[in-house]
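Those letters in the sequence shown? Residues 1 to 375, by the UniProt record's numbering. Where a beta carbon is used, it is the ideal one built from N, C-alpha and C, also for glycine. A quick note: this is a predicted structure, and the numbers were derived from the prediction, not measured.
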Amino acid sequence: MPTLETTVNGIKFPNPFVIGSGPPGTNARVICRSFADGWGGSSAKTVSLDASKVVNVAPRYGRLKDSTGDPYGWENIELISTMSFDQWLDEFKEVKDKFPEHVLIASIMEEYNKDAWYEIVERCEGAGVDMFECNFSCPHGLPERKMGAAMGQDYDILAEVCGWVADAATKPVWAKMTPNVTHIEDPSKAALDAGISGISAINTIRSVIGVDLETLRPMPTVEGYTTPGGYSCKAVKPIALRMTMEIAVLIRDQYPEATLSGIGGIETGEDAAEFILLGADTVQVCTGVMKHGYKLVQTMSEQLLAFMEKHGFETIDDFKGKALPYFTTHADLVARQAKAKADKAAARAAAKGITKDEAWDGDDFVKQSDDLVGN
1 MPTLETTVNG IKFPNPFVIG SGPPGTNARV ICRSFADGWG GSSAKTVSLD ASKVVNVAPR
61 YGRLKDSTGD PYGWENIELI STMSFDQWLD EFKEVKDKFP EHVLIASIME EYNKDAWYEI
121 VERCEGAGVD MFECNFSCPH GLPERKMGAA MGQDYDILAE VCGWVADAAT KPVWAKMTPN
181 VTHIEDPSKA ALDAGISGIS AINTIRSVIG VDLETLRPMP TVEGYTTPGG YSCKAVKPIA
241 LRMTMEIAVL IRDQYPEATL SGIGGIETGE DAAEFILLGA DTVQVCTGVM KHGYKLVQTM
301 SEQLLAFMEK HGFETIDDFK GKALPYFTTH ADLVARQAKA KADKAAARAA AKGITKDEAW
361 DGDDFVKQSD DLVGN
């Protein structure tokens, strides 16, 4: 009987489905709701020591919809949590008191300040969180403070900060990667070299969702203006899968003890299976919850279990990374196809029967004779 229970970085998850950091994990009330509905873990909305500078605007979402009205692209210009750090510590304690068996992940973001990173880690651990996820990837918020993607795109600073967090933390630490780089392996390698436990990827893709052709203003429009935001939802899944594969190959070849949490456009159990087949240990869902609600995890769990049962997989580890060996270079594809064509041509020639006397064989003489009989 297949099971969705899995152990990642020494921590047991009831299932691999994790609430991605953002609105679905914005306070203890909604995190507890997610656990009650069956999510295995939750990465809370990103916290910092000083929330006083965090001010959201409205509207702050933009959506692209298909012909049925279903959103396939979603942009946000939302910032990290507006809730005070002291209140968050109380919220973390409340969650762990009510759901001690579920995995609570503190998503943390700070400025380039060693003392600040040490403080946020130590105080979150004191509140009982199980893991950390360092947000090095928010594409639009607080760049003036060198936070989020502004830090994740500077690999020297990224490595230094990861070293601080790895030193300060006694719990596992993931580094959440920005996709807004040329090669996702580069920041991932910098983070892993610094001693963190794993990578989560991807965060949203820097974007402009569109322009209103009536008002001629970019969207989402706030007092007539906007700013580039982060793009998510089903449209980003192919990009997320590619980057998941690239990070997974890096981990397989150089960091076999590290783990990977896949993010990007996941809304079904089949989506989750694809990420796991490409090397993810867990999968995170944020926009999908905003579209379908917290009970989405129940459908995804049923679908993932059905996939596992169909293929005879008992655990997540049984099929993690199964698709990775089938990636190669274009030159190798050309060579493989040429060989396949040559093999088929040889088989067709053999099927026509013997054309040279030296091909006759005593053991197969009768069959070879039959093959030469015309209709």
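Residue i beta carbon near the ligand MG (any heavy atom closer than 7 Å)
| i | result |
| --- | --- |
| residue 217 | Here there are no bound small molecules, and the ligand MG is not part of this structure. |
7 Å CB neighbourhood of residue i in its chain, flanking five on each side removed
| i | result |
| --- | --- |
| residue 2 | 305, 308, 309, 313, 314 |
| residue 123 | 89 |
| residue 128 | 92, 93, 96 |
| residue 119 | 49 |
Rounded Cβ spacing between residue i and residue j (contact assumed at less than 8 Å)
| i | j | result |
| --- | --- | --- |
| residue 34 | residue 42 | 5 Å |
| residue 109 | residue 135 | 4 Å |
Distance between residue j and residue i (C-alpha atoms, nearest Å)
| i | j | result |
| --- | --- | --- |
| residue 148 | residue 157 | 12 Å |
| residue 298 | residue 100 | 20 Å |
| residue 376 | residue 196 | The structure shown does not extend to residue 376, since the chain spans only 1 to 375, so no value can be given for it. |
| residue 317 | residue 137 | 28 Å |
| residue 154 | residue 181 | 10 Å |
| residue 339 | residue 121 | 56 Å |
| residue 172 | residue 132 | 6 Å |
| residue 88 | residue 97 | 14 Å |
| residue 206 | residue 333 | 33 Å |
| residue 228 | residue 217 | 13 Å |
| residue 356 | residue 370 | 16 Å |
| residue 125 | residue 267 | 31 Å |
| residue 37 | residue 274 | 23 Å |
| residue 330 | residue 362 | 44 Å |
| residue 347 | residue 183 | 43 Å |
| residue 365 | residue 4 | 56 Å |
Contact check, residue i vs residue j, beta carbons under 8 Å
| i | j | result |
| --- | --- | --- |
| residue 106 | residue 85 | no |
| residue 263 | residue 345 | no |
| residue 28 | residue 95 | yes |
| residue 236 | residue 269 | no |
| residue 56 | residue 79 | yes |
| residue 284 | residue 20 | yes |
| residue 301 | residue 281 | no |
| residue 117 | residue 161 | yes |
| residue 8 | residue 39 | no |
| residue 378 | residue 31 | No answer is possible for residue 378: it lies beyond the span of the chain, which begins at 1 and ends at 375. |
| residue 16 | residue 272 | yes |
| residue 258 | residue 163 | no |
| residue 239 | residue 179 | yes |
| residue 46 | residue 139 | no |
| residue 168 | residue 190 | no |
| residue 59 | residue 222 | yes |
| residue 11 | residue 115 | no |
8 Å Cβ shell around residue i - same chain, five flanking residues per side excluded
| i | result |
| --- | --- |
| residue 65 | 71, 72 |
| residue 248 | 260, 278, 279, 280, 321, 324 |
| residue 311 | 319 |
Buried or exposed (CB count within 10 angstroms, at least 16 for buried), residue i
| i | result |
| --- | --- |
| residue 231 | buried |
| residue 174 | buried |
| residue 289 | buried |
| residue 244 | buried |
| residue 241 | buried |
| residue 372 | exposed |
| residue 170 | exposed |
| residue 224 | exposed |
| residue 81 | buried |
| residue 68 | exposed |
| residue 296 | buried |
| residue 293 | exposed |
| residue 194 | buried |
| residue 327 | exposed |
| residue 253 | exposed |
| residue 349 | exposed |
| residue 6 | buried |
| residue 287 | buried |
| residue 342 | exposed |
Close-in-space but distant-in-sequence residues of the same chain around residue i (CB under 6 Å, 5 per side omitted)
| i | result |
| --- | --- |
| residue 323 | 277, 278 |
| residue 255 | 192 |
| residue 209 | 62, 75, 219 |
| residue 234 | 72, 265 |
| residue 185 | 246, 250 |
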